[in-house]
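In our numbering, the protein residues as written are 832 to 1195.
If you want it as structure tokens, here you go:
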């Protein structure tokens, strides 16, 4: 919530003398500088000192100085920082690890533009995680404190605990990245066994969306809408992970995923449809699946088969999953798959010159 500089939000509890003494003592124990506390008291912004000081960086380097440390020109560093979404007007010595990493990536890939594209994905993904972390804090920590008329000191303590927890989580990123890197490499090798192009991978791709979501969104409260999306996304993440697939993205009421085995794609789609089946269900999933050589680019997937899966999802009726002929043929080779494919005719699809043979998927 944005407020004028030096003004606390209207829902923020007043800071009386006793609370101020307790808060100052708490901040000093956390290592906040006395000058910063005194300035916050003068500006009537003591309420925000915990976050500002525990996350603050010191602007103690010029762009040119940081570039020299990283072995980059100032212009190269400016592009690197912009790619990861950082301000280039001021630099901190703490930014050196980012600058050096950018320089190393340029050496590894031997292509500055390719490196910048990769860094944009890294920056936007990290920013998205930060946005999600703050949203979760507001919903699960800050709002209950506000509803309970908690003191400023209680807010400050909660912020400190959350920031420390976020710091510990950030320390796990290198290990998490290494694990994901290994899995992506292993799956990528398997997906490229049948392709002759290093930019493509043979995968099954699926789209699942919620029919009735748009009209329901007009009736639900924001909290109710959030709960529905949480339920759908939670189920999608868990199911796709169970079958060792990847949730590529979710766009409102729709998710896109890829997985190595077509039979696994069928199981994922069936599981999501079954999860929302019932007389009290207000939305119903539908899906489309296709299999083929997908163009891989910056963590996303493109190509004819991606378009085909999306079009099949668009024309499916509620609780129906439509699959391409190749997906049916390959899934039936899996002896462990308990799947039934019923002919659904040839469909005229937008973007396809001739009608496409389609099958309707159901569990055995």
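Yeah, the Cβ is synthetic: ideal placement off N, Cα and C, and Gly gets one too.
*For residue 833, which of helix, strand or coil comes out of DSSP?*
Looking up residue 833 in the chain shown gives position 2. Note that residue 833 scores 43 on pLDDT, short of 50, meaning its location in the model is unreliable and no value can be drawn from it.
*Please confirm if residue 1192 has its CB atom under 8 Å from at least one CB of chain D.*
Protein chain content of the structure displayed is limited to a single chain, and chain D is not contained in it.
*Three or more beta-carbon pairs under 8 Å between the region 1112-1120 and the region 1153-1165, yes or no?*
yes
*Three-way DSSP call (helix, strand, coil) for residue 972 in this model*: Translated into positions along the chain shown, residue 972 becomes position 141. Of the three classes helix, strand and coil, the one that applies to residue 972 here is helix, per DSSP.
_Strand pairing of residue 1087, partner residues [DSSP]_ = Position 256 of the chain shown, counted from the first residue, corresponds to residue 1087. Answer is 1038, 1080.
_Bridge-paired residues (DSSP) for residue 1193_ = Translated into positions along the chain shown, residue 1193 becomes position 362. According to DSSP, residue 1193 bridges with 1171.
*Note down the Cα distance separating residue 998 from residue 1030, rounded to an integer number of angstroms.*
For the purposes of this step, residue 998 is identified with residue 167 of the chain shown, where counting begins at 1. For the purposes of this step, residue 1030 is identified with residue 199 of the chain shown, where counting begins at 1. If you take the alpha carbons of residue 998 and residue 1030, they lie about 36 Å apart.
*Give the DSSP-derived three-state secondary structure of residue 860 in the structure shown.*
As a working mapping, residue 860 is identified with position 29 in the chain shown. Reduced to three states, the DSSP call for residue 860 is helix.
*Between the beta-carbon of residue 1048 and the beta-carbon of residue 1125, is there less than 8 Å?*
Taking the first residue of the chain shown as position 1, residue 1048 is located at position 217. Taking the first residue of the chain shown as position 1, residue 1125 is located at position 294. Contact: no.
_Extent of the continuous beta strand (DSSP E) to which residue 1115 belongs_ = Taking the first residue of the chain shown as position 1, residue 1115 is located at position 284. Taken as a continuous stretch (DSSP letters only), the beta strand (DSSP E) holding residue 1115 covers 1115-1128.
*Could you give the DSSP three-state label for residue 841: helix, strand or coil?*
By 1-based counting over the chain shown, the position of residue 841 is 10. Reliability of the predicted coordinates at residue 841 is poor, the pLDDT of 47 falling under 50, and no value is obtained from them.
*Could you tell me if residue 1004 is buried or exposed, where buried requires 16 or more neighbouring beta carbons within 10 angstroms of its beta carbon?*
As a working note, residue 1004 is residue 173 in the chain shown. Label assigned to residue 1004: exposed.
*Any chance the CB of residue 1091 is under 7 Å from a heavy atom of the ligand MN?*
What this structure holds is no ligand at all, so the ligand MN is not there to describe.
*Work out the CA separation of residue 1162 and residue 933 for me, nearest whole Å.*
As a first step, residue 933 must be located in the chain shown, where it is residue number 102. As a first step, residue 1162 must be located in the chain shown, where it is residue number 331. If I take the Cα positions, the gap works out to 42 Å.
*Any contact of the region 958-965 with the region 927-944, i.e. 3+ C-beta pairs under 8 Å?*
no
*Please work out which residues of its chain come closer than 6 Å, Cβ to Cβ, to residue 1134, disregarding the five sequence neighbours upstream and downstream, and give them in chain order.*
Looking up residue 1134 in the chain shown gives position 303. Within the same chain, residue 1134 has close Cβ partners 1125, 1126.
*Ordered along the chain, which non-local residues of its own chain (more than five positions away) have a Cβ less than 7 Å from that of residue 1064?*
As a position in the chain shown, residue 1064 is number 233, starting the count at 1. Result list for residue 1064: 1081, in chain order.
*Apart from the five residues on each side of it in sequence, which residues of its chain come closer than 6 Å, Cβ to Cβ, to residue 1083?*
Stepping through the chain shown from its first residue, residue 1083 is reached at position 252. Counting only Cβ-Cβ distances below 6 Å, and skipping sequence neighbours, we find nothing.
_Spatial neighbours of residue 1174 within its chain, please: C-beta separation below 7 Å, excluding the five flanking residues on both sides._
As a working note, residue 1174 is residue 343 in the chain shown. Around residue 1174: 1190.
*Is the region 1100-1109 touching the region 1049-1060 in the sense that three or more CB pairs, one from each, lie closer than 8 Å?*
no
_Less than 8 Å between the beta carbons of residue 1129 and residue 948, yes or no?_
On the chain shown, residue 1129 is found 298 positions in, with the first residue counted as 1. On the chain shown, residue 948 is found 117 positions in, with the first residue counted as 1. Yes, the pair counts as a contact, with Cβ atoms nearer than the cut-off.
*Using the C-alpha atoms, what's the distance from residue 1138 back to residue 1068?*
The count along the chain shown starts at 1 and reaches residue 1068 at position 237. The count along the chain shown starts at 1 and reaches residue 1138 at position 307. Their backbone Cα atoms lie some 22 Å apart in a straight line.
*Only counting runs of 4 or more residues, tell me where the alpha helix (DSSP H) segments fall wholly within the region 1009-1077, in order along the chain.*
1044-1050, 1053-1073
*Shortest alpha-carbon distance to residue 1148 belongs to which of 1179, 1115, 956, 1177?*
One-based indexing of the chain shown puts residue 1148 at position 317. Comparing Cα-Cα distances from residue 1148 to each of 1179, 1115, 956, 1177, the minimum goes to 1115.
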